[in-house]
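I have placed the structure first, in the form of structure tokens, so that the comments after it can refer back to it.
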Amino acid sequence: MRSRPGAADAGSRSSFSPEAPIETPTSAEPARASGADVEIRAITKRFGQVVAVDTVSFVVRGGEFFSLLGPSGCGKTTTLRVIGGFEHADAGEVLIAGRSMGQMPPNRRETNMVFQRLALFPHYTVFDNVAFGLRMKRLPEDDVHRRVGDALDLVQMPGLAARRISELSGGQQQRVALARALVNRPRVLLLDEPLSSLDLKLRLQMQEELKRLQRELGTTFVYVTHDQGEALAMSDRVAVMDGGRLLQVGPPMEIYEQPRTRFVANFIGDANLIDGIVESADGEAVTVRAGGHKVSARRQGWERSGQSVTVCVRPERVRVVAAASGGGGAGSDALRARVEDRAFSGYLVKYRLAIDGLRLHAAVPYVSGTSLHQIGEDVTASWDPQQAVTVANE
Amino acid sequence: MRIRGAAVVILLAPAMAAMAVLYVIPLGVYFINSFHRFLDGRILPVWTLQTYVEYFTDSFTYKVMGTTLRLSLLVTALAIVIGYPLAYALHTRVRSASVKGLLALLLFSPLLVSVVVRTYGWLILLAGTGLVNTLLRRLGVIDQPINLLFNMTGVVISLTHILLPFAIFPMYSVMSRLDLSLKEAAHDLGAGWWDTFKHVTLPLTMPGIVAGALICFTLALSAFVTPRLLGGGRVQVMPLMVYNNTVDINWPTGAVSGLVLLLMSIAAVWTLNSLLRRLPSV
């Protein structure tokens, strides 16, 4: 598995420095006992002239909640559909439970899909919808009844089996769609933005619900979403895609703390992105010259003197102190700034700081009783270099 | 947007006038005539149910009615059975929108040619020495030419061809509104092609089938040109009888026959509509 040609390909194709191949941490980390449930090897899918998925490789481990995250048109849904067998890759290979899928149709794969528009059968009752997969397997009707009942209990929809789909609320339809897929006990459940049509409150509730189901059943989930909050909150690991390419795979915290590219840094959470030229890179830190300023960040290892990079600083890592009190903490660069704007949001105070040629966002926890910086006030902004990170400047 | 009273009247007036002149008044005349009497080549303006009694006690009436129903049912069934796979193929197998448009145009092109011309076309094709018989004989399927003309067979073939577009259009339109992810979902849940068709596509396109059948059936009921030209007097259907009665100035019998035909159409519409209402909406 280590010499997967696809993985290497994915790395070299990306536009950032070859010293930081995108190689997923998957092959480096020990796989769980259950092993890889889904393995994608360098798949490419074209629609006419458009390359929807470009040499994407990754591994989803058994029992994992794995998210494909990216803006619309990034290729995440196509990737999911290739796994499910609804599209066939022009190049590359899909393995499910170690077996190459080739041209195998969806009805013969150990996967089930929850569709974006749910695709519940409007001419069937809730029961008949959920029973569909079992009846296709010609299971005895007794078993069908028992398992459909269990599945409806599982999604907390007991007693609604006789309803028509049109008589259900959006959230209930969502649950039926889940039950209809899960009742078949798939090895891998594929979910294509299933919550996108729900309102915020219901969406958050269903997120918890999905997480609970996944924990209880131990089923592998491959979840497609464009909502980074959703992906971070639910997933064991997240794969970030853009323009058909896989940019980074890792646990949510790693993606947040160590984005590899400018796109990932920007797409996941809020980020201050400061473009500059590496002045020195030694020891733990990199010093970057940006405009007339010097900023520092944690060294990744691939930075070279004179290279153009971007420094990513999360707003909550920026310290803001009144200029009068002089400088920031030890080991950090202090930038003289002026408060341009301020927004108080309860537990956080957000500042927009103007620093000669730069703009910096800071999010400072609000401590009861302290006074806020005024708009127009001169302040000093700084951060711990270990909490800033260099990302490839695309 | 609300349209005020006067505007409604003005907007509806042309349609109402056309309906009145072309439909309501003739129907009224019919209705009145049905109570008159036809005797010795003259219409007697008396008020009697005698024509009705004679019409419904004549065994010939039921023979004609039977032929009409048989023809209509046969043609409707054939048009649906031939049209559905065609519509399905057009919907699923053709990807390019321009090819789809071209094929649809081709399917509907018979409508651009007059029924009379098309019927004469079939007259040539189905004749004893026509294309169909010649072909079948060359292929060794038959020894003697089979009678395709001036009987039910010829009328059914020709009328099916004429009504096919009317069957295809509603079925195709329902199919094209079908959410494709429903088929994918069935496929995903383990259904092969046949199960997907049987459990998802067919039930969900049933409204199109019913609508197509309704149009075909009512049009077949009132078909006149084809039975007249290709039936050779041996396919006696109700519109032909109405026509003959009218030509003979036997307006009362023609009126009764016409009203019965109208009631049959209404019954068909009502039956199929109530069937439609019980089907799921797509």
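Just so you know, the protein sequences line up as chains A and H, in that order.
If you're matching positions, the first sequence starts at 26 in the working numbering and goes up one per residue.
If you're matching positions, the second sequence starts at 2 in the working numbering and goes up one per residue.
All residues carry an ideal CB built from backbone N, CA and C; glycine is no exception.
Being a predicted model, the structure only gives us computed values, none of them experimental.
Ranking E255/A, S222/A, S370/A by CA distance to the CA of Q232/A puts E255/A first.
Taking C-beta atoms as the reference points, T52/H and H37/H count as a pair closer than 9 Å.
R66/A is bridged by DSSP to E118/A. For the 9 Å CB-CB criterion, G84/H and I169/H form a contact. At least one beta carbon of chain H lies nearer than 9 Å to the beta carbon of T136/A. Residues of chain A with a Cβ closer than 9 Å to the Cβ of G209/H do not exist, since the nearest Cβ in that chain sits about 14 Å away.
For H318/A, there is no enclosing alpha helix (DSSP H); the residue is found in the beta strand (DSSP E) stretching over 318-323. The shortest C-alpha to C-alpha distance from V201/H to any of V95/H, N246/H, H188/H is the one to H188/H. Here I163/H is actually not in contact with V118/H; their C-beta atoms are around 11 Å apart, not less than 8 Å. Straight across, the Cα-Cα distance linking M242/H with G191/H is about 55 Å.
L140/H carries a coil assignment under DSSP once its states are collapsed to helix, strand and coil. By the neighbour-count criterion, in which 16 or more other beta carbons inside 10 Å mark a residue as buried, I210/H falls on the buried side. For G60/A, no chain H residue has a C-beta closer than 8 Å to its own C-beta; the minimum C-beta separation is roughly 24 Å. Taking a contact to require three or more Cβ pairs closer than 8 Å, the stretch 4-14 of chain H and the stretch 221-229 of chain H do not qualify as touching. Ranking V81/A, R71/A, L159/A, A61/A by CA distance to the CA of M266/A puts V81/A first. DSSP places C217/H in the uninterrupted alpha helix (DSSP H) bounded by 203-222. Annotated as proximal: L143/A and V201/A, with beta-carbon spacing under 9 Å. Of P86/H, L108/H, S35/H, the smallest CA-CA separation from G255/H is found for S35/H. Counting only residues of its own chain and dropping the five nearest sequence neighbours on each side, R367/A has a CB closer than 6 Å to the CB of Y376, I400. Here S92/A is buried, its C-beta having at least 16 other C-beta atoms within 10 Å.
A buried status is given to L72/H, since no fewer than 16 other beta-carbon atoms sit within 10 Å of its beta-carbon. Nearest CB-CB separation between P147/A and chain H: below the 9 Å threshold. For a Cβ distance threshold of 8 Å, residue set N132, F157, M161 of chain A lies close to A192/H, ordered along the chain.
Cβ atoms of V76/A and G269/A come within 8 Å of each other, at about 5 Å. Residues of chain A whose Cβ lies closer than 9 Å to the Cβ of H92/H do not exist, since the nearest Cβ in that chain is about 18 Å away.
Between A268/H and chain A, the shortest Cβ-Cβ separation is not below 9 Å. The beta-carbon separation of T312/A and V416/A, rounded to 16 Å, does not stay under the 8 Å limit for a contact.
For V201/H, the neighbours in chain A by C-beta distance under 7 Å run, in chain order, F146.
S396/A and A347/A have their alpha carbons spaced roughly 11 Å apart. For L262/H, the three-state secondary structure derived from DSSP is helix. Around N209/A, the beta-carbon contacts reaching into chain H at under 8 Å are L190, G191. D144/H has a beta carbon lying at 9 Å or more from every beta carbon in chain A. Separation of Q412/A and V338/A (C-alpha to C-alpha, rounded to the nearest whole angstrom) is 7 Å. By the Cβ neighbour-count rule, P208/H is buried, with 16 or more other Cβ atoms within 10 Å of its own. I26/H sits exposed, since fewer than 16 C-beta atoms from the chains shown fall within 10 Å of its C-beta. Setting aside the 5 residues that flank it on each side, T102/A is surrounded in the same chain by D217, V249, each with a C-beta closer than 7 Å to its C-beta; the list follows chain order.
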